[in-house]
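Take a look at the structure set out below.
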Amino acid sequence: MRRATRGHPLSSWDKRRNLKIAKIRAPGERPFAVIKKVFKAAHVLVTTVRRVHVKMIFTAIAYNLYQLGTLRRAGVI
Numbered sequence: 012m013r014r015a016t017r018g019h020p021l022s023s024w025d026k027r028r029n030l031k032i033a034k035i036r037a038p039g040e041r042p043f044a045v046i047k048k049v050f051k052a053a054h055v056l057v058t059t060v061r062r063v064h065v066k067m068i069f070t071a072i073a074y075n076l077y078q079l080g081t082l083r084r085a086g087v088i
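Mapping of the sequence shown onto the working numbering: position 32 corresponds to residue 43, and the numbering continues sequentially without gaps.
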């Protein structure tokens, strides 16, 4: 994505390009935002890669259960 700076606004081509990139990125960014905000998992305090992997697996499971509750409250499921 391109960014505008002081005195150098984005061209209309760059704005369209950024919009296309944002549409692709948005669905994948939301789970990470929820994991960081709701589950406070932005910074991992475990020390080995295996432990980080296990922690992230459990965080992903928790996110899926959280989404299930959200969908049930909305009446989708």
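Backbone N, C-alpha and C fix where the C-beta goes; we use that ideal spot for every residue, glycine too.
Delimiting residues of the alpha helix (DSSP H) encompassing residue i
i: Gly80; result: 60-85
i: Gly102; result: Residue 102 lies beyond the residue range present for the chain, which begins at 12 and ends at 88; the question has no answer from this structure.
Distance cut-off 8 Å: residue i Cβ against heavy atoms of the ligand SAM
i: Lys31; result: The model on display carries no ligand, and the ligand SAM is accordingly not part of it.
For residue i, the three-state DSSP class (helix, strand or coil)
i: His96; result: No information on residue 96 is available, as it lies outside the stretch 12 to 88 that the chain covers here.
Measuring CB atoms only, is the segment 42-51 touching the segment 72-82, in the sense that at least three cross pairs come out at less than 8 Å? yes
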